[in-house]
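Protein sequence lines correspond, in order, to chains A and B.
Letter by letter, the first sequence follows residues 0 to 340 of numbering that gives the first Met the number 0.
Letter by letter, the second sequence follows residues 0 to 340 of numbering that gives the first Met the number 0.
Working notes for the structure below.
Protein chains: 2
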Amino acid sequence: MGNKKKSTIKDIANVLGITPSAVSKALNNHPRISKKTKKAVLQVAENLNYQPNHIATALRKGKSNLVGVIIPRANSNFFSSVIEKIEEVLNKKGYNVIITQSNESYEKECKNIEALLFTQVDGIIASMANETVKLDYYNKIKQKGIPLILFDRGENDLNVDYVGIDDYMSSHIVIDHLVEQGCKRIAHIGGFSHTRIYKNRIRGYFDALKKHNRPFEDNLIYECNLRQSDGRDIMKKIINLPDRPDGIYVSSDYAALGALEVMKENNIRVPDDIALVGFGNEPFSAISTPAISSVEQQSKKIGELAAKTFLKRISNPKEKVSLNKMILDAELIVRTSSKRK
Amino acid sequence: MGNKKKSTIKDIANVLGITPSAVSKALNNHPRISKKTKKAVLQVAENLNYQPNHIATALRKGKSNLVGVIIPRANSNFFSSVIEKIEEVLNKKGYNVIITQSNESYEKECKNIEALLFTQVDGIIASMANETVKLDYYNKIKQKGIPLILFDRGENDLNVDYVGIDDYMSSHIVIDHLVEQGCKRIAHIGGFSHTRIYKNRIRGYFDALKKHNRPFEDNLIYECNLRQSDGRDIMKKIINLPDRPDGIYVSSDYAALGALEVMKENNIRVPDDIALVGFGNEPFSAISTPAISSVEQQSKKIGELAAKTFLKRISNPKEKVSLNKMILDAELIVRTSSKRK
DNA sequence: TACTTTTGTTCCAACGTTTGAACAAATATA
DNA sequence: TATATTTGTTCAAACGTTGGAACAAAAGTA
């Protein structure tokens, strides 16, 4: 039917013979308005099916109550779970969440930022695309004085709040585990080292090897986009090496799955010939054959902290000083692909 | 730095010694404004780093240029791919997209709708939660005269635009294929029949069996939530049947994967003992062992049509009459799990 | 009773933009 | 030259809400 005319605060005022501003105050529970009036206003509002005009409020107050989120792709258990939690926390506080995907593309990411700024979001929570190196667009956000919180894929140079797991330590946990399972030579299929998290994982890989007196070998470390196809391609190279490694640590479950496929196709026994550990604890890692050991990234916790950090920033914007770098512990979920004993 | 003061149309006007309204018209390329003035305005706007206040425009024009999208969960290849396309089409037309997840919960879905209405979106594109039976909240959208487009999970009673694949025919294609592979008795693990798409798939399953003169057996059809765990649970029941079926058609790849696991755990050979077909063509269906045959749902096309339908509705709102029910053909991707010959 | 305080409301300007009407100046038409 | 048209701009109101100042009435205090 389309009950065309939306009712406004003015309509309510007319019904009751009071002014719009009294109605506004009544609705906002202003202390100076009598209980009687408040009750009446609420009643009439109900009757008229009144819905506050959010846009008018936003204009008047100078804030939209919208928070923008940028993720590389929604199609990932980690990100969709982070978002779910962000929504949960922010909705409770009256914020709405605009989710955008960058598809790992710098260009798309820039467009997303522009769109979010255009929409006048009150803040942005983002995880950077793999491709992103230039920080100009992110700096634009900062310059506008809009709270920016990064998670997972951060960037130290930006100097903003950050939430993520301890990537360096994650690598240690993984390598410790593989060594314990008897692996002598461990390869690493990692992300590009210009991204902070992958750089840290690579560093952790190095240092953990050193710690265990394992030699570092140049041809056992690879950087890629970590898609399933990348895992396949690199694994093909690895099995053609004169002497193969006996353990592989992959920075993504998708790439790990690709690697696993190739190994199966070549009758390499996992974990006996080569033990495999992935990253991200995607649902499929538990159900592939063999199930893939993987690092759990604390998505819920990350989402919660990111949202709460935003709320903190918005509530006292003056306190520009103390940045929050929140680094959580990761957890290795050991499954068949790396369990030899 | 936080360059605090945002510049407005008024600032530009002051610099040039003209009125704000002239500036507004210049920026909107009004025919009555001289080229000279337009040029000057653009120049000054550039210098002052002017960004139009979207909220003010929205208030004045009575539209927010925001479109809400509700999906059951982002963590699915189908949905994230639909969204990507919706974004692509709508962004081009100056709309921003707010994505919300219902997590298959009716309650969350209602909250999402409330939030979107509160934000004054110009339209809503949604796929209903499995749980949803009551349509009160969706009717609220309609009553407000806000364009509503459903996709995939629709509902005939709502009488709104819809885009989805031909679920009824999909079942025919699947059953035709399984029969051709020599299956004599085919089970179906489906969604709940109160959801239109699942009802249609079940109907298709029935009719296709009849077409091939296959008997229908009561204990070969199951309704569930189609999660991986549901697939497992039901498969366990199936393998305990006095005589097992030799083909299984599952309405979701997740549930199909669960079923596959159970079969492997029980040394049932797939496809030789039991042939398996899933639904949704999730990435993992191609990489599980064996790879799962699956129905491809045309996510890109669906997203595109949904977005374009919204644009059509918004451009001529009077034309309330002719609903658009767009039913696309699905395609069966045949993989190892059902290929006997 | 006269004065201060409190209570409940109205008044009014503001947020930044848009848009039709009004108007003056320039140009075209008779 | 007088009149009609076109061009480029200004004016003013509007979108719906908010919130401080102003104000009258009621209540409290001396």
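The beta-carbon is built from N, C-alpha and C at its ideal position, and this holds for glycine as well.
Query raised in the report: Quick one: any contact between the segment 78 to 87 of chain A and the segment 285 to 305 of chain A, if contact means 3 or more CB pairs under 8 Å?
Result: yes
Requested in this report: Write down the C-beta distance between arginine 72/B and glutamate 103/B rounded to the nearest angstrom, noting that I regard them as a contact closer than 8 Å.
Outcome: Walking along the second sequence from the start, residue 72/B turns up at place 73. Walking along the second sequence from the start, residue 103/B turns up at place 104. Between glutamate 103/B and arginine 72/B the Cβ distance is about 7 Å, and since that is below 8 Å, they are a contact.
Query - Any C-beta of chain A under 8 Å from that of phenylalanine 357/B - result: The first residue shown for chain B is 0 and the last is 340, placing residue 357/B beyond what the model contains.
Report task. State the Cα-Cα distance for the pair lysine 307/B and methionine 168/A, rounded to the nearest angstrom. Result -> For the purposes of this step, residue 307/B is taken as the residue at position 308 of the second sequence. For the purposes of this step, residue 168/A is taken as the residue at position 169 of the first sequence. Each residue's Cα considered, the two are about 48 Å apart.
Query - Where leucine 322/B falls, given that 16 or more other Cβ within 10 Å makes a residue buried - result: Here residue 322/B refers to the residue found at position 323 of the second sequence. It is exposed - the Cβ of leucine 322/B has fewer than 16 other Cβ atoms within 10 Å.
**Report entry** Coil, strand or helix - isoleucine 148/A by DSSP
**Finding:** Here the question's residue 148/A lines up with position 149 in the first sequence. If DSSP states are grouped into helix, strand and coil, isoleucine 148/A belongs with the strands.
Query raised in the report: Is arginine 35/B helix, strand or coil when you go by DSSP?
Result: Taking the first residue of the second sequence as 1, we reach residue 35/B at position 36. Reading off the sequence shown, one finds lysine at residue 35/B, where the question assumed arginine. DSSP places lysine 35/B in helix when its eight states are reduced to three.
Report task. May I have the straight-line CA-CA distance separating asparagine 27/B from aspartate 135/A, to the nearest angstrom? Result -> For this step, residue 27/B is matched to residue 28 along the second sequence. For this step, residue 135/A is matched to residue 136 along the first sequence. Spanning the two alpha carbons is a distance of roughly 28 Å.
Requested in this report: Please confirm if alanine 305/A has its CB atom under 8 Å from at least one CB of chain B.
Outcome: Within the first sequence, numbered from 1, the residue matching residue 305/A stands at position 306. Alanine 305/A does not count as touching chain B.
Requested in this report: Measure the C-alpha to C-alpha separation of asparagine 239/B and leucine 65/A and round it to an integer number of angstroms.
Outcome: What you label residue 239/B is simply residue 240 of the second sequence in a count that begins at 1. What you label residue 65/A is simply residue 66 of the first sequence in a count that begins at 1. For asparagine 239/B and leucine 65/A, the distance between alpha carbons rounds to 53 Å.
Query raised in the report: With DSSP run on the structure shown, which of helix, strand or coil describes lysine 324/B?
Result: The residue labelled residue 324/B in the question sits at position 325 within the second sequence. Lysine 324/B falls in the strand class under three-state DSSP.
Query raised in the report: By DSSP, does histidine 176/A sit in helix, in strand, or in coil?
Result: Walking along the first sequence from the start, residue 176/A turns up at place 177. Helix at histidine 176/A.
Query raised in the report: When burial is assigned at 16 or more other CB atoms within 10 Å of the CB, is threonine 18/A buried or exposed?
Result: Sequence index remark: in the first sequence, residue 18/A carries index 19 (1-based). When all chains shown are included, threonine 18/A counts as exposed.
Query raised in the report: Counting contacts by CB-CB distance shorter than 8 Å, is isoleucine 54/B in contact with chain A?
Result: Your numbering for residue 54/B matches position 55 in the second sequence. Judged by the 8 Å Cβ criterion, isoleucine 54/B is in contact with chain A.
Report task. Would you mind sorting glutamate 132/A into buried or exposed? The rule is 16 or more other CB atoms within 10 Å of its CB. Result -> As a working note, residue 132/A is residue 133 in the first sequence. Strictly speaking, residue 132/A in this sequence is valine, with glutamate absent from that position. When all chains shown are included, valine 132/A counts as exposed.
Requested in this report: Could you tell me whether any Cβ in chain B is nearer than 8 Å to the Cβ of glutamine 297/A?
Outcome: On the first sequence, residue 297/A is found 298 positions in, with the first residue counted as 1. No, its Cβ sits nowhere closer than 8 Å to a Cβ of chain B.
Requested in this report: Tell me, please, whether the segment 257 to 274 of chain A touches the segment 225 to 244 of chain A by the rule of three or more beta-carbon pairs shorter than 8 Å.
Outcome: yes
Requested in this report: Could you check what DSSP says for glutamine 100/B in three-state terms: helix, strand or coil?
Outcome: The count along the second sequence starts at 1 and reaches residue 100/B at position 101. Correct three-state label for glutamine 100/B: strand.
Report task. Would you mind working out which of Val68/A, Ser336/A, Val159/A, Asn95/A sits nearest methionine 262/A, comparing C-alpha positions? Result -> Your numbering for residue 262/A matches position 263 in the first sequence. Looking at the Cα atoms, Ser336/A is the closest of the given residues.
Query raised in the report: Is there at least one Cβ from chain B nearer than 8 Å to asparagine 266/A's Cβ?
Result: Walking along the first sequence from the start, residue 266/A turns up at place 267. Output row for asparagine 266/A: interface = no.
Report task. Can you check the segment 9 to 92 of chain B for any alpha helix (DSSP H) of at least 4 residues that lies completely inside it and give the ranges in chain order? Result -> 19 to 26, 34 to 47, 53 to 60, 76 to 91
Query raised in the report: So which residues of chain A does lysine 4/B contact, with C-beta pairs closer than 9 Å?
Result: Taking the second sequence and counting its residues from 1, the one referred to as residue 4/B is at position 5. Those within 9 Å of lysine 4/B in chain A number zero; the least Cβ separation is about 10 Å.
**Report entry** Same chain, Cβ closer than 7 Å to aspartate 166/A, five either side skipped, listed in chain order
**Finding:** As a first step, residue 166/A is located in the first sequence; it is residue number 167 there, counting from the start. Here the set comprises Ile196, Asn199, Arg200, Gly203.
Report task. With DSSP as the reference, label tyrosine 344/A as helix, strand or coil. Result -> No answer is possible for residue 344/A: the residues shown for chain A start at 0 and end at 340.
Report task. Just the C-alpha distance for methionine 0/B and lysine 143/A, rounded to the nearest angstrom, thanks. Result -> Mapped onto the second sequence, residue 0/B falls at position 1. Mapped onto the first sequence, residue 143/A falls at position 144. Confidence in methionine 0/B is poor, its pLDDT being 38 and thus under 50, which makes the residue's placement unreliable; the coordinate value appears in the next sentence. C-alpha separation (whole angstroms): 8 Å.
Report task. Name the residue from Cys223/B, Cys109/B, Glu130/B whose alpha carbon lies nearest to the alpha carbon of lysine 139/B. Result -> If you number the second sequence from 1, residue 139/B lands on position 140. Considering only alpha carbons, the answer is Cys109/B.
Query raised in the report: Between the segment 276 to 287 of chain B and chain A, which residues of the former have a C-beta closer than 8 Å to a C-beta of the latter?
Result: Pro282, Phe283, Ile286, Ser287
Report task. Output the residue ranges of the beta strand (DSSP E) runs that lie fully inside the segment 253 to 311 of chain A and measure 3 residues or longer, sorted by chain position. Result -> 274 to 278, 292 to 295
Query raised in the report: Can the beta-carbon of isoleucine 54/A be found less than 8 Å from the beta-carbon of valine 68/A?
Result: Along the first sequence, one-based indexing puts residue 54/A at 55. Along the first sequence, one-based indexing puts residue 68/A at 69. No, these two residues do not count as a Cβ contact at 8 Å.
Query raised in the report: At what residues does the beta strand (DSSP E) containing aspartate 135/A begin and finish?
Result: Taking the first residue of the first sequence as 1, we reach residue 135/A at position 136. Element bounds for aspartate 135/A: not the beta strand (DSSP E) but the alpha helix (DSSP H), 135 to 142.
Requested in this report: Drop a sphere of 10 angstroms on the beta-carbon of serine 414/B, count the other beta-carbons inside from all chains shown, and report buried for 16 or more, exposed for fewer.
Outcome: The requested residue 414/B is not part of the displayed model; chain B covers only 0 to 340.
Query raised in the report: Beta-carbon of threonine 308/B versus every beta-carbon of chain A: anything under 8 Å?
Result: What you label residue 308/B is simply residue 309 of the second sequence in a count that begins at 1. Judged by the 8 Å Cβ criterion, threonine 308/B is not in contact with chain A.
Query raised in the report: At a Cβ cut of 8 Å, what residues of the segment 169 to 199 of chain B count as close to chain A, listed as they run along the chain?
Result: none
Query raised in the report: Are the Cβ atoms of isoleucine 11/A and leucine 58/A separated by less than 8 Å?
Result: For the purposes of this step, residue 11/A is taken as residue 12 along the first sequence, with counting starting at 1. For the purposes of this step, residue 58/A is taken as residue 59 along the first sequence, with counting starting at 1. No. Outside cutoff.
Query raised in the report: At least one CB of chain B closer than 8 Å to the CB of isoleucine 97/A: is that the case?
Result: Locating residue 97/A in the first sequence gives position 98, where the first residue counts as 1. For isoleucine 97/A, the answer is yes, since a Cβ of chain B falls inside 8 Å of its Cβ.
**Report entry** Exposed unless 16 or more other CB atoms sit within 10 angstroms - verdict on histidine 193/A
**Finding:** As a position in the first sequence, residue 193/A is number 194, starting the count at 1. Answer is exposed; the Cβ neighbour count stays below 16.
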